[in-house]
Amino acid sequence: MDSIVKKTDDFIFQTYMRQGKAFVKGEGVFLWDEDGKQYTDFLAGIAVCGLGHCHPKITQAICRQAATLVHVSNLFYSKPQADLAKALCEKSFADRVFFSNSGAEANEAAIKLARRYFQKKGEKNRFKIITMKQSFHGRTMATLTATGQDKIKDGFYPLLEGFSYVTFNDFDALKDELDKTVCAVMLEPVQGEGGVIPADETYLKAVRKLCDETGTLLIFDEIQSGMGRCGTLFAHEQYGVTPDIMTLAKALGNGLPIGAMLATKEAATGFDFGSHGSTFGGTPLATAAALEVLNIISEPAFLDQVRKKGEHFVQKLEGLKQKHPSVVGVRGKGLLLGIEIEKNAAAYVAKMLEKGFIINGIQDKVLRFVPPLIVEEKEIDCLINALDTLL
Ligand SMILES: *Cc1c(COP(=O)(O)O)cnc(C)c1O
1007 MDSIVKKTDD
1017 FIFQTYMRQG
1027 KAFVKGEGVF
1037 LWDEDGKQYT
1047 DFLAGIAVCG
1057 LGHCHPKITQ
1067 AICRQAATLV
1077 HVSNLFYSKP
1087 QADLAKALCE
1097 KSFADRVFFS
1107 NSGAEANEAA
1117 IKLARRYFQK
1127 KGEKNRFKII
1137 TMKQSFHGRT
1147 MATLTATGQD
1157 KIKDGFYPLL
1167 EGFSYVTFND
1177 FDALKDELDK
1187 TVCAVMLEPV
1197 QGEGGVIPAD
1207 ETYLKAVRKL
1217 CDETGTLLIF
1227 DEIQSGMGRC
1237 GTLFAHEQYG
1247 VTPDIMTLAK
1257 ALGNGLPIGA
1267 MLATKEAATG
1277 FDFGSHGSTF
1287 GGTPLATAAA
1297 LEVLNIISEP
1307 AFLDQVRKKG
1317 EHFVQKLEGL
1327 KQKHPSVVGV
1337 RGKGLLLGIE
1347 IEKNAAAYVA
1357 KMLEKGFIIN
1367 GIQDKVLRFV
1377 PPLIVEEKEI
1387 DCLINALDTL
1397 L
């Protein structure tokens, strides 16, 4: 019988550099491979399983909804979709939600909304979107164009027209670029894939002010930083700045594929009947799960413990930095954390896997830690000990 690894490598496009492990079971912060070996998961399916693997309440919500109604299409109404949209609006700056199935699709919706908002008003030349260098917004043609990293675009030219890129946290660069052809500025309040880099507070406030003065829409991609990851429901809450449009995905469904594009009442006027759509977007199944996720994560006590554990984690990482000159920086917010090392993040990731810890390497020099938000301090301490030995 072919192994899982062999079948995968023989029959699936080889677009992913996979670690040579197949996991067969998960519970909380733990995963088990085919041989029954246990791992502590500090990646959570790339910041997706915020509540950990197979959280009983989410499993229950999925099972209940799966046995009731899975899909009807958006030609009709459904209660879980309506309830989730209302809850998202009540818990955020937004007035309206568009549901998608992934982060890239949520960003596609945001890009389309920003352009159409101005085209509907007759401002046909106002279609440019400024994004940040080192950003990540997805893999569709529009979102890879929005992404500020060349390696993501390699081989896919020509790209979509009307995007430009400026250095993150450099207000003057943005100000120089922003003219009357710009419809939106799009950024991650904490860059994830780019290396775990938080925006400066003064920068984000100045960006908001500039957008207000010029009537430009501000889009926050909170696909990674949102849903409690940074210790508040959305990372931007910590900056005292709200966007006009925000995108969510990753942890929204705790593993069920769902994304969302949220907008103010004003920005939402860019879409009318027929201007955008999705067959699967916001199925009863995905939205029932996401509603349960949102209810748990948005509890103030839950968010308090995310911040507390994040502070503990940072303190421990700072300890590693003091001790090991190969650690050159500690960055992040809440439980979206990273350390910058001199080189070869992939080798550290492989060695940690052998030791039973799942972590992630990005940009060759950054080890990223995005554990389930339910991780406990003792599990953080175990990871730190393993890293300490390795460093
Ligand atoms: C993961 C991610 C995306 C893309 O989401 P997909 O679900 O993979 O399409 C977009 N933006 C950010 C910030 C992300 O972290």
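Numbering of the sequence shown is given in our numbering, commencing with residue 1007 and proceeding in unit increments. Beta carbons: idealized from backbone N, C-alpha and C, even for Gly.
Just the Cα atoms here: how many angstroms apart are residue i and residue j?
i, j, result
"threonine 1153", "proline 1249", "19 Å"
"alanine 1112", "isoleucine 1135", "16 Å"
"glycine 1265", "glutamate 1317", "29 Å"
"isoleucine 1302", "aspartate 1047", "20 Å"
"glutamate 1298", "threonine 1146", "29 Å"
"histidine 1242", "cysteine 1388", "31 Å"
"leucine 1166", "aspartate 1310", "42 Å"
"alanine 1292", "glycine 1144", "20 Å"
"glycine 1234", "serine 1108", "18 Å"
"alanine 1353", "aspartate 1227", "30 Å"
"leucine 1224", "aspartate 1008", "50 Å"
"glutamate 1346", "leucine 1193", "22 Å"
"lysine 1085", "aspartate 1206", "40 Å"
"phenylalanine 1286", "proline 1164", "29 Å"
"valine 1381", "lysine 1130", "49 Å"
"methionine 1358", "aspartate 1015", "23 Å"
"histidine 1282", "arginine 1102", "14 Å"
"valine 1334", "tyrosine 1083", "52 Å"
"tyrosine 1209", "proline 1195", "10 Å"
"serine 1284", "alanine 1294", "18 Å"
Quick one: is residue i buried, meaning 16 or more other Cβ sit within 10 Å of its Cβ, or exposed?
i, result
"cysteine 1069", "exposed"
"glycine 1415", "Absent from the structure is residue 1415, since the part of the chain shown begins at 1007 and ends at 1397."
"threonine 1187", "exposed"
"leucine 1119", "buried"
"methionine 1252", "buried"
"glycine 1023", "According to the sequence shown, residue 1023 is methionine rather than glycine. That one is exposed."
"alanine 1110", "buried"
"tyrosine 1045", "buried"
"alanine 1257", "buried"
"leucine 1081", "exposed"
Based on the DSSP secondary-structure assignment, which residues constitute the bridge partners of residue i?
i, result
"asparagine 1260", "Leu1262"
"glutamate 1219", "According to DSSP, which records beta bridges pairwise, glutamate 1219 is partnered with nothing at all."
"asparagine 1366", "Arg1374"
Leaving aside the five residues before and after residue i along the sequence, list all residues of the same chain whose C-beta is less than 6 Å from its C-beta, in chain order.
i, result
"threonine 1289", "His1077"
Closer than 7 Å by C-beta to residue i: which residues in its own chain qualify, once you throw out the five before and the five after it? Chain order, please.
i, result
"phenylalanine 1029", "Leu1037, Trp1038, Asp1039"
"glutamate 1383", "Lys1315, His1318"
"isoleucine 1117", "Ile1135, Ala1148, Ala1152"
"lysine 1349", "Asp1370, Lys1371"
"lysine 1361", "Ala1392"
"glycine 1261", "Gly1051, Val1054, Cys1055"
"alanine 1273", "Leu1119, Tyr1123, Leu1223, Asp1250, Ile1251"
Quick one: what's got a C-beta closer than 8 Å to residue i's C-beta in the same chain, skipping five residues either side?
i, result
"threonine 1074", "Pro1290"
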